[in-house]
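Beneath this line is the structure, given in structure tokens, with notes to follow.
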Amino acid sequence: MRKDYCIKIGIAILTACLSTVPQTVSATSSKLQDAKDKKEQTKDKIEDAKEELDALNGERAGAQQYVDNLNVQLQNASVELAEMENLIEEKEKGILEAEHDLEEAKKSQVEQYNAMKSRIKFMYESGENTYMNLLFTSTSVSEFLNKHEYFTKLTEYDRDMLKQYTQLQEKIRRSESDLKDSRTALEGLKNETTAKSADVAAMVKEAGEHLKDYLDQIKEQEEKMLAYEKELDDANNDITKLEAQLAYERQLANSSVMRDLSSVTINAGDIDLMAAIIECEAGGESYTGKVAVGAVVMNRVKSSSFPNSILEVIYQKRQFSPVGSGRFAVVLARGANETCYQAATDAMSGVTPVGDRLFFRTPIPGLNGMRIGGHVFY
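In this text, residue positions in the sequence shown follow the working numbering: the first is 720, and each later residue adds one.
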């Protein structure tokens, strides 16, 4: 009986040693798949960022074209304003000259008015007799005719002066009206051009701010892409390292020397450890799947490449994620279910649905092995 107990202990230890190798590859394979998934996610992020960047560049190009068009309008408005200012300056010079002529005309008007007023006053005060007396006091016919001709010309002169005076008044009125209209038209055109220039300048400023926003967004997007590219490089590096590690672990598994189950020592409490790790790793699997996980643990214990006890195999660093997360300790403390205890007993007694396979994990593309439920054993 003592001999049987020692055999069971030996079997348990050997099984624990063999379990370590499979779980190592399983953990590495899982990390490798995670790294590949992260790489694909990062590539998707880069594609999304690139599409967004292309869209922003398209919008920026449109905004830049809009700003360029506004700048052309502003330049045209500035040229137009400069031309109008030159025209206004020329017109103002003309207005000054016209005002000078108008002042001279007004002076002439005053002089003509005073002269006409004096003649009218003289004629009114002298009366018609003066004209007749001058004619009839002539000593000869020729003198009479000369005086008559003189008075006739004087009368014509007065009429001409009156006509000129009337024309001068009309000219002054038209000049004043024209000057007023010219000033109003030029000032209106100048105000219109200035307002147009101000509007275009405001539009250019607003468009420039929008363009700056696009440039800022583009810069931010480019920085995102650089960060994603770094993530992609890191993911590629991780994949390279993990692939090398996985290859090493597979080589390790292939080169491992398997001990006989009879040489494995089973320690007190190993059944609890085995049942707990089976529940954590294969709680939702079939009974065969549960025994298969336990068999992998026992295969590690038997392997020369792993620790030679169930305790050491299960607690080997970074091998079983439930151990690292603390879930294993919870299950161990409360005790695994009866089915997992039965599966642990079978595995520790040498039952192995997976032969000498040392590793298991969830299926991934390119991984060949024995499929049992949700695990691939290899």
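Here a beta-carbon is modelled for each residue, glycine too, at the ideal position from N, C-alpha and C. None of these values were measured; they are calculated from a predicted model.
Rounded straight-line distance, which links the Cα of residue j to that of residue i
{"i": "residue 756", "j": "residue 1086", "result": "15 Å"}
{"i": "residue 934", "j": "residue 928", "result": "10 Å"}
{"i": "residue 824", "j": "residue 887", "result": "7 Å"}
{"i": "residue 891", "j": "residue 821", "result": "6 Å"}
{"i": "residue 752", "j": "residue 963", "result": "13 Å"}
{"i": "residue 904", "j": "residue 911", "result": "10 Å"}
{"i": "residue 1010", "j": "residue 942", "result": "51 Å"}
{"i": "residue 1038", "j": "residue 1079", "result": "12 Å"}
{"i": "residue 908", "j": "residue 803", "result": "8 Å"}
{"i": "residue 925", "j": "residue 827", "result": "59 Å"}
{"i": "residue 889", "j": "residue 830", "result": "16 Å"}
{"i": "residue 978", "j": "residue 1066", "result": "16 Å"}
{"i": "residue 1052", "j": "residue 980", "result": "28 Å"}
{"i": "residue 1090", "j": "residue 939", "result": "47 Å"}
{"i": "residue 1028", "j": "residue 766", "result": "49 Å"}
{"i": "residue 970", "j": "residue 1024", "result": "11 Å"}
{"i": "residue 878", "j": "residue 906", "result": "42 Å"}
{"i": "residue 787", "j": "residue 936", "result": "20 Å"}
{"i": "residue 807", "j": "residue 876", "result": "42 Å"}
{"i": "residue 872", "j": "residue 812", "result": "41 Å"}
{"i": "residue 763", "j": "residue 770", "result": "11 Å"}
{"i": "residue 874", "j": "residue 816", "result": "35 Å"}
{"i": "residue 791", "j": "residue 809", "result": "27 Å"}
{"i": "residue 973", "j": "residue 959", "result": "21 Å"}
{"i": "residue 1044", "j": "residue 988", "result": "21 Å"}
{"i": "residue 795", "j": "residue 759", "result": "53 Å"}
{"i": "residue 918", "j": "residue 953", "result": "52 Å"}
{"i": "residue 946", "j": "residue 966", "result": "30 Å"}
{"i": "residue 949", "j": "residue 920", "result": "43 Å"}
{"i": "residue 837", "j": "residue 805", "result": "48 Å"}
{"i": "residue 856", "j": "residue 882", "result": "32 Å"}
{"i": "residue 932", "j": "residue 784", "result": "15 Å"}
Contact set for residue i: own chain, Cβ-Cβ below 8 Å, skip 5 residues either direction
{"i": "residue 834", "result": "880"}
{"i": "residue 1063", "result": "990, 993, 994, 997, 1013 and 1055"}
{"i": "residue 832", "result": "884"}
{"i": "residue 1008", "result": "1001, 1091, 1092, 1093 and 1094"}
{"i": "residue 859", "result": "none"}
{"i": "residue 861", "result": "none"}
Cβ-Cβ separation, residue j to residue i (assumed contact under 8 Å), whole Å
{"i": "residue 814", "j": "residue 896", "result": "Wrong, their Cβ atoms sit about 13 Å apart, outside the cutoff."}
{"i": "residue 1077", "j": "residue 1018", "result": "5 Å"}
{"i": "residue 898", "j": "residue 818", "result": "7 Å"}
{"i": "residue 1058", "j": "residue 1006", "result": "7 Å"}
{"i": "residue 916", "j": "residue 797", "result": "6 Å"}
7 Å Cβ shell around residue i - same chain, five flanking residues per side excluded
{"i": "residue 999", "result": "1041, 1046, 1047 and 1050"}
{"i": "residue 913", "result": "800"}
{"i": "residue 1075", "result": "977 and 1018"}
Counterpart residues of residue i in DSSP-defined beta bridges
{"i": "residue 1022", "result": "977"}
{"i": "residue 1096", "result": "1079 and 1089"}
Close-in-space but distant-in-sequence residues of the same chain around residue i (CB under 6 Å, 5 per side omitted)
{"i": "residue 1083", "result": "752"}
{"i": "residue 1088", "result": "1095, 1096 and 1097"}
{"i": "residue 1060", "result": "994"}
{"i": "residue 1004", "result": "1092"}
Neighbour flag for residue i against chain D, beta carbons, 8 Å
{"i": "residue 805", "result": "Checking the listed chains, one finds no chain D in this structure; it contains a single protein chain."}
beta-carbon residue i near the ligand NAP non-hydrogen atom, thresh 7 Å
{"i": "residue 1080", "result": "Looking for the ligand NAP in the displayed structure turns up nothing, as the structure carries no ligands at all."}
Query - At least 3 beta-carbon pairs within less than 8 Å: the segment 1063 to 1075 vs the segment 1003 to 1019 - result: yes
Requested in this report: Report yes or no: do the segment 1027 to 1041 and the segment 1090 to 1097 share at least 3 C-beta pairs separated by less than 8 Å?
Outcome: no
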